[in-house]
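Peer 1:
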Amino acid sequence: MISKQLAKMLNEQIGHELQASQQYLAISIYFHMKQLDGWGAFFRRQAAEERFHAMKILDFLISVDSRPIVPSVEGVSSDFKSDLDPVKASLDWERQVTKQIHDMADQAFKDKDHTSLQFLQWFISEQIEEENLMEKLVALVKSGINMFQAEPLLPTPEEDHEN
Ligand SMILES: [Fe+2]
Ligand SMILES: [Fe+2]
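Residue numbers for the sequence shown follow the working numbering, beginning at 187 and rising by one.
Spelled out as structure tokens, the structure:
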């Protein structure tokens, strides 16, 4: 049986993942508007992935008979000051999500809830990849490379880590 506290945290996390999805979508729009379609496509894939994360948590809650609540999600501006801004913001969000996941794992541990703890392991590994990826992209933009020339260096759909 999942604790009320952990169920609440997982529910909130559905909202965080959907919010991240919106944010990545806004970033993809920013890049598409600059004709940087490679960057745009990459961030659109990230948006889809965050939505998938939300569904994964939603399905988990259903499977443990804890009714998930569909959270409302805010719209996000696609207005950024520089190309570095949205990439840097992505890294910050991913670090924030890592903290949220770890807090939930702490709670599951406290609850002696091995089922939830095992479920959260997947997200713990996923966040290592997500942070590494965004760190690389921040370094790439900071290198001063022309953003069009950087496009072939972005991960391809096949290289994007498996969902
Ligand atoms: Fe996520
Ligand atoms: Fe993520």
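Glycine included, C-beta positions come from ideal geometry on N, C-alpha and C.
Under the three-state reduction of DSSP, which class applies to Ala274: helix, strand or coil?
Peer 2: Numbered from its first residue, the sequence shown carries residue 274 at position 88. According to the sequence displayed, residue 274 carries Lys and not Ala. Reduced to three states, the DSSP call for Lys274 is helix.
Peer 1: Once you ignore the five residues that flank Ser264 on each side, which residues in its own chain have a CB closer than 6 Å to its CB?
Peer 2: For this step, residue 264 is matched to residue 78 along the sequence shown. Correct list, in chain order: Ala212, Ile215 and Tyr216.
Peer 1: Comparing C-alpha positions only, which one of Leu222, Lys220 and Leu244 sits nearest to Ala193?
Peer 2: Residue numbering aside, residue 193 sits at position 7 when the sequence shown is read from its first letter. Residue Leu244 is the option with its Cα nearest to Ala193.
Peer 1: Any idea what DSSP makes of Phe295, helix, strand or coil?
Peer 2: The residue given as residue 295 occupies position 109 in the sequence shown. Reduced to three states, the DSSP call for Phe295 is helix.
Peer 1: Does the segment 308-324 touch the segment 248-258, meaning 3 or more C-beta pairs lie closer than 8 Å?
Peer 2: Touching, no, given that fewer than three Cβ pairs across the two stretches are closer than 8 Å.
Peer 1: Where Leu319 and Val250 are concerned, what is the direct C-alpha to C-alpha distance, given to the nearest angstrom?
Peer 2: Numbered from its first residue, the sequence shown carries residue 319 at position 133. Numbered from its first residue, the sequence shown carries residue 250 at position 64. C-alpha separation (whole angstroms): 32 Å.
Peer 1: Could you check which residue in Leu222, Leu196 and Gln232 has the C-alpha nearest to that of Ala145?
Peer 2: Any question about residue 145 goes unanswered here, given that the chain covers just 187 to 349.
Peer 1: Can you round the beta-carbon distance between Ile200 and Ala240 to whole angstroms, since I take them to be within the 8 Å contact cut?
Peer 2: Here residue 200 refers to the residue found at position 14 when the sequence shown is read from its first residue. Here residue 240 refers to the residue found at position 54 when the sequence shown is read from its first residue. About 5 Å; that satisfies the 8 Å criterion.
Peer 1: Roughly how many whole angstroms lie between the Cα atoms of Gln221 and Glu203?
Peer 2: Counting from one through the sequence shown, the residue named residue 221 turns up at place 35. Counting from one through the sequence shown, the residue named residue 203 turns up at place 17. So the alpha carbons of these two residues sit roughly 27 Å apart.
Peer 1: Express the C-alpha separation of Thr284 and Phe309 in angstroms, rounding to a whole number.
Peer 2: Taking the first residue of the sequence shown as position 1, residue 309 is located at position 123. Taking the first residue of the sequence shown as position 1, residue 284 is located at position 98. Their Cα atoms are separated by approximately 8 Å.
Peer 1: Buried or exposed: where does Met187 fall if 16 or more other Cβ atoms within 10 Å of its Cβ makes it buried?
Peer 2: Looking up residue 187 in the sequence shown gives position 1. By the neighbour-count rule (16 or more Cβ atoms within 10 Å), Met187 is not buried but exposed.
Peer 1: What does the alpha-carbon distance come out to for the pair Asp292 and Ala234?
Peer 2: Along the sequence shown, read from residue 1 onward, the residue named residue 292 stands at position 106. Along the sequence shown, read from residue 1 onward, the residue named residue 234 stands at position 48. Roughly 27 Å between the two C-alpha positions.
Peer 1: How would you label Gly261, buried or exposed, when you count the other beta carbons within 10 angstroms and need 16 or more for buried?
Peer 2: The count along the sequence shown starts at 1 and reaches residue 261 at position 75. Exposed, because fewer than 16 other Cβ atoms sit within 10 Å of the Cβ of Gly261.
Peer 1: Pull every residue with its beta-carbon under 7 Å away from any heavy atom of ligand 1, and keep them in chain order.
Peer 2: For ligand 1, the selected residues are Glu203, Ala206, Glu235, Glu236, His239, Val283, Glu312 and Glu316.
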